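Structure first, then comments.
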């Protein structure tokens, strides 16, 4: 039995498409394959049309991507039946006989049936219809009707080129809202996203109406290269996904990268290489498309006189800075002049060049747009060689929505906005440069903060940035994670933690700068990094550090003192295991290092460093700073009333406490340091020290009643002379973490025991104690 006339063209079409799918390689010319596919469809559809026996005065035409012969593996088929209006019934019959076999074959077919005047009318009403018919191409039938449609539709667009350009610009904004930008999204939409193939075609539509004078020569070449690459990527996506889709998903990127010839590199995996190329071409498309649309909307075109280069790089950058300060887009003449100005692979910076660069970054959003232009022209990596490693580099984490370089420029724009809103900023240029460079170390070469600190310092030195501006920018790069990481991962009620952070920051001015960068960084990262919860935690941390600075509990001098003392402790313990020393340093409160000399810390280390048992009590004594005095160290697991047990044992042993410093480690071990002397006998023998340990252990274990024993001891000696009043002062403002209780009164046997016992009975924990005895 012979095949149905409508079946054979479809069967032949299927065989040709399957052969093309098998033979297709994304490494080959994308548009060549697209034209081959369009040709196969032409043959099948023309055969169906001719078999249907169409009347005179009708043409079957391709429109849209099919009309451009831009037919990808899963693209739909857009058909237009144009007729002269004389035989509507016959037109309906022919239309059905062409469409039904295509639909039966599960092909995606869109169609319209119109007269030339109807085509013109709908072109005036709908942008999508107008642009689709600008690419009208006859497949079979009366080709003159297709020509008439093209002429009428072009006349509609040419009647007001500026309005046509504005409509295309509005459509581009709408598409970006719906599909995002192919310039940075990890799963970009290759057709309709900003910078995608639809933007390429928008330029083609405009130039088909207004001529090529809207596009610079370099722009045409870049646009052709971008269209070729994005077409190949989109074709590969259609084949790998086995369905029509234009969004490049994460799970297919490795396969498509391999198919397109990308391989893993030392610091860039193959799929990141693919995405970097996608972003690079999409940015060119978006930039060129934006230039062309603006020129068409303003009625401008290419300059008639050949461009002249600038005298040097500084002059070119000054011209770009002036445009940025005006909030304008550089015109074609300026772009041509910059493009032909000689610029070395590694620019030598001068004061003029640095000032021009700073003028650009100070303008915020306009500066970011200007930096993007410099990047498109190939200048930015020459000005900042470190930029080459981060440009178009994807970030594959749940927080970042931009590539590394776009994240940096977005952070710069946000920092400029914050500087504009903030009074008394410490150093605007330092803040802006710190924001621009804060993630410059994300190159795949190691931990990005360490790498970035080195790279940023080298870049700042190369640029000639000096003084406080350089120091602030370098500091921001080195510490840009300090506030958000501390706020979201650590206990903000830990006073030592706050002191540590304050010591690293050193000054209120640096704290303000770091807080501004944390805000700019979060806003430039994405919604997941700038949630109200994270912002609240960072603000709470900043507020606590501000109060530390306000009280004078930390500053540059104290921070340096703390750092130097800790380093001295490390140096004195070089014979001990490094890991154990670091654990000791991290466990001990910062007040301990600030008040105890490093050589004494080294002497205390054997008593404090080993783990302490639940009921264990360690004590040791050394000669004190003055003749007849002793330093007593007691180490035990912290518990309610421990300080009162120690004070009671000291009193019962015939010792008088001259001063006391009480500390608690991070793992809840009490480290209590006393300066004592004999109450009645100046020399304290080893027997008395042994007695102290026995009494203290008995008190801790509950075998000795300290209340009874201290009262009994006190009764044997005369009462203190009256005169000094007993005072108790409460201060809740001196600390964010504790209430300060200051008690004064005449000294007597067991006074510290009485005070600490009262606090223990009230279930109050003594976090830090300072005790002093005065003559008087």
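Residue numbers (the working numbering): 688 to 1463. Heads up, the beta-carbon is just placed ideally off N, CA and C, and yes, glycines get one too. Owing to the predicted nature of the structure, the values given are computational and were not obtained by experimental measurement.
Residue i classed as buried or exposed, judged by whether at least 16 other C-beta atoms fall within 10 angstroms
i: residue 1066; result: buried
i: residue 937; result: exposed
i: residue 1444; result: buried
i: residue 1121; result: buried
i: residue 922; result: buried
i: residue 787; result: exposed
i: residue 1107; result: exposed
i: residue 997; result: buried
i: residue 930; result: exposed
i: residue 793; result: exposed
i: residue 1050; result: buried
i: residue 1415; result: exposed
i: residue 1393; result: buried
i: residue 1261; result: exposed
i: residue 1351; result: buried
i: residue 726; result: exposed
i: residue 978; result: buried
i: residue 1176; result: exposed
i: residue 948; result: exposed
i: residue 846; result: exposed
Where the beta strand (DSSP E) containing residue i begins and where it ends
i: residue 1291; result: It is not in any beta strand (DSSP E) - residue 1291 instead sits in the alpha helix (DSSP H) that spans 1285–1295.
i: residue 1162; result: No beta strand (DSSP E) holds residue 1162; the alpha helix (DSSP H) holding it covers 1154–1166.
i: residue 831; result: Residue 831 -> not in any beta strand (DSSP E); alpha helix (DSSP H) instead, spanning 830–845.
i: residue 1127; result: Careful: residue 1127 lies outside any beta strand (DSSP E) and carries neither H nor E.
i: residue 764; result: 764–770
Alpha-carbon spacing of residue i relative to residue j, whole angstroms
i: residue 1218; j: residue 1083; result: 20 Å
i: residue 969; j: residue 1064; result: 15 Å
i: residue 1091; j: residue 1110; result: 29 Å
i: residue 853; j: residue 1234; result: 54 Å
i: residue 1348; j: residue 1334; result: 12 Å
i: residue 733; j: residue 780; result: 15 Å
i: residue 829; j: residue 735; result: 15 Å
i: residue 729; j: residue 826; result: 6 Å
i: residue 958; j: residue 944; result: 5 Å
i: residue 1284; j: residue 1254; result: 12 Å
i: residue 759; j: residue 836; result: 25 Å
i: residue 932; j: residue 757; result: 16 Å
i: residue 1463; j: residue 1432; result: Its pLDDT being 46, under 50, residue 1463 is placed unreliably by the model, and nothing is read from it.
i: residue 919; j: residue 939; result: 15 Å
i: residue 1013; j: residue 950; result: 44 Å
i: residue 1054; j: residue 1016; result: 11 Å
i: residue 885; j: residue 754; result: 14 Å
i: residue 688; j: residue 701; result: Only weak support exists for where residue 688 lies, its pLDDT of 37 falling under 50; the coordinates are left without a value.
Three-state secondary structure assigned by DSSP to residue i
i: residue 1418; result: strand
i: residue 818; result: helix
i: residue 1348; result: strand
i: residue 934; result: strand
i: residue 851; result: helix
i: residue 1363; result: strand
i: residue 876; result: strand
i: residue 939; result: helix
i: residue 949; result: coil
i: residue 871; result: coil
i: residue 1263; result: coil
i: residue 757; result: coil
i: residue 1009; result: helix
Cut-off 7 Å between Cβ atoms - residues of its own chain near residue i, not counting five sequence neighbours on either side
i: residue 1286; result: 1259
i: residue 983; result: 848, 849, 852, 893, 897, 901
i: residue 1417; result: 1426, 1428
i: residue 1045; result: 1116
Cβ shell of residue i (< 6 Å), same chain only, five flanking positions each side left out
i: residue 742; result: 774, 777
i: residue 1061; result: 1067
i: residue 772; result: 802
Spatial neighbours of residue i in its chain, beta-carbon cut-off 8 Å, leaving aside the 5 residues before and after
i: residue 782; result: 768, 798, 800
i: residue 1324; result: 1299, 1300, 1301, 1302, 1303, 1355, 1356, 1357
i: residue 1043; result: 1001, 1004, 1005, 1007, 1008
i: residue 708; result: 760, 926
Residue range of the unbroken alpha helix (DSSP H) whose run includes residue i
i: residue 803; result: 803–812
i: residue 1099; result: 1091–1108
i: residue 782; result: 775–791
i: residue 915; result: 904–928
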